[in-house]
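Here the structure comes first, spelled out in structure tokens, and everything after it is commentary.
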Amino acid sequence: MLLLILSALLLLSACGQQAASTEPAASTATAADKQASTDEAAKPAEETAAGSAETVTYKSDVGDVEVPADPQRIIDLTSFTTGYFVALDAPVVGALSGAMNNKYINEQLKAEGTTDLGELPTAEPILNLKPDLIVVYKGTDGIDQLSTIAPVVQLEYGKHNYKDLMLEIGKLTNREEAAQDWVKKWEAKIAEVKPQVLAAVGDRTVSILNPYAKGVYVFGHNYGRGGEILYGEFGLKAPTKAQAEAIDSGKGTASISLEVLPEYAGDIIFTSPWSGDDGDPEVVYGNSLWKNLPAVKAGHVFQLDPTSDTYNDPVTLEGQLKFLTDSLLSVK
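All letters in the sequence shown, in the order written, are residues -19 to -1, 1 to 313 by mature numbering (1 follows the signal peptide of the UniProt record, and there is no 0).
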């Protein structure tokens, strides 16, 4: 049999659960740097995968896929979904560097022996890990090649909110009950702390702002960085313009120039440098417009982690909940 030449450099599509070096961008696939060995390449995918032989039909975001009934060697090439597998104790054998560097899940991944595939993995390490399931974002190039290695499930970024996605990943990994339990426990945690937060914040507005090379990003309810909790679970309000452009629009983000920053800055600000370019955040943080914001003068500015708080998976959200709650309760 001719050598099977697998080409698949994977670049992510879409953007928290959408932008930055830690957010999904349009995906691509390019030639792998080495050929798989003749013996390995000649094997059908089902022989190289190490998971269960029993399969079920999973209704993915792009159609039905035959997947292992109980996958045991999962490769996640989305970054943003990895924390869902961690929360469900589903075995991830390979993940992208963004997920591996997420402080909320990296210890679990290391303990599990998950391989860091980098940000642009070639086909060879994916093949060598012998996955029985590969998860990618919808539209990722090279899916046909990946499908020769293991079943591929495509997720459409942003189609599901994090609770619904948790339930979907529960179905995919044969852990539906565990997924349902997480949602119930999460809602109980929110119910416990929400009244305290609302009492502390009162009618003050909240902003999530990231300086970047060309200005400032304003984030909303579905882009990570705590937005799912601040605006979704707690129901806090952003300044009028930020509310309209980043939340009510459904887009989750807006880009503004530094000059109009005061119109988008809330009484309480959560911020971090943008991790998607090499812009100097001090262009914003050192500017008089920033320094004269009421939130800055009052000490009501809280720093997010640019490498980890961009995520909004269940494990990350649990970590964010404590940080956000403690921060908001400290506001006088």
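Heads up, the beta-carbon is just placed ideally off N, CA and C, and yes, glycines get one too.
Beta-carbon separation (whole angstroms), residue i vs residue j, contact threshold 8 Å
{"i": "Ala50", "j": "Asn155", "result": "6 Å"}
{"i": "Asp286", "j": "Ser253", "result": "7 Å"}
{"i": "Gly201", "j": "Ala227", "result": "4 Å"}
{"i": "Ile150", "j": "Leu69", "result": "6 Å"}
{"i": "Val116", "j": "Leu136", "result": "7 Å"}
{"i": "Leu153", "j": "Tyr39", "result": "6 Å"}
{"i": "Gln53", "j": "Asp113", "result": "6 Å"}
{"i": "Ile210", "j": "Leu305", "result": "5 Å"}
{"i": "Val46", "j": "Val182", "result": "Not really, about 44 Å apart at Cβ, beyond 8 Å."}
Which residues DSSP lists as bridging residue i, in chain order
{"i": "Ala235", "result": "Val199"}
{"i": "Phe283", "result": "Phe251"}
{"i": "Ile189", "result": "Phe200, Phe251"}
{"i": "Pro49", "result": "Thr36"}
{"i": "Gly75", "result": "Ile56, Thr96"}
Helix, strand or coil at residue i according to DSSP, with G and I counted as helix
{"i": "Thr306", "result": "helix"}
{"i": "Lys40", "result": "strand"}
{"i": "Ile249", "result": "strand"}
{"i": "Asp261", "result": "coil"}
{"i": "Asp229", "result": "helix"}
{"i": "Val296", "result": "helix"}
{"i": "Leu69", "result": "coil"}
{"i": "Ala194", "result": "coil"}
{"i": "Ile210", "result": "helix"}
{"i": "Asn87", "result": "helix"}
{"i": "Ser269", "result": "helix"}
{"i": "Leu242", "result": "helix"}
{"i": "residue 346", "result": "Limits of the chain in this structure are -19 at one end and 313 at the other, which puts residue 346 out of reach."}
{"i": "Lys218", "result": "coil"}
{"i": "Thr63", "result": "helix"}
{"i": "Gly205", "result": "coil"}
Distance cut-off 7 Å: residue i Cβ against heavy atoms of the ligand NAP
{"i": "Glu240", "result": "Looking for the ligand NAP in the displayed structure turns up nothing, as the structure carries no ligands at all."}
Runs of 3 residues minimum, wholly inside the segment 97 to 182: which ones carry the beta strand (DSSP E) assignment? 114 to 118, 133 to 136
Would you check if the segment 230 to 240 and the segment 153 to 170 touch, i.e. whether three or more CB-CB distances between them fall below 8 Å? no
How about the segment 54 to 74 and the segment 267 to 287: do they share at least three Cβ pairs that are nearer than 8 Å? Too few Cβ pairs lie closer than 8 Å, so no.
Does the segment 244 to 260 come close enough to the segment 219 to 227 that 3 or more CB-CB pairs lie under 8 Å? With the rule of 3 Cβ pairs closer than 8 Å, the segment 219 to 227 counts as touching the segment 244 to 260.
Quick check: the segment 84 to 93 against the segment 104 to 115, are at least 3 beta-carbon pairs closer than 8 Å? no
Are at least three pairs of beta-carbons, each pair with one atom in the segment 236 to 243 and one in the segment 193 to 208, less than 8 Å apart? yes
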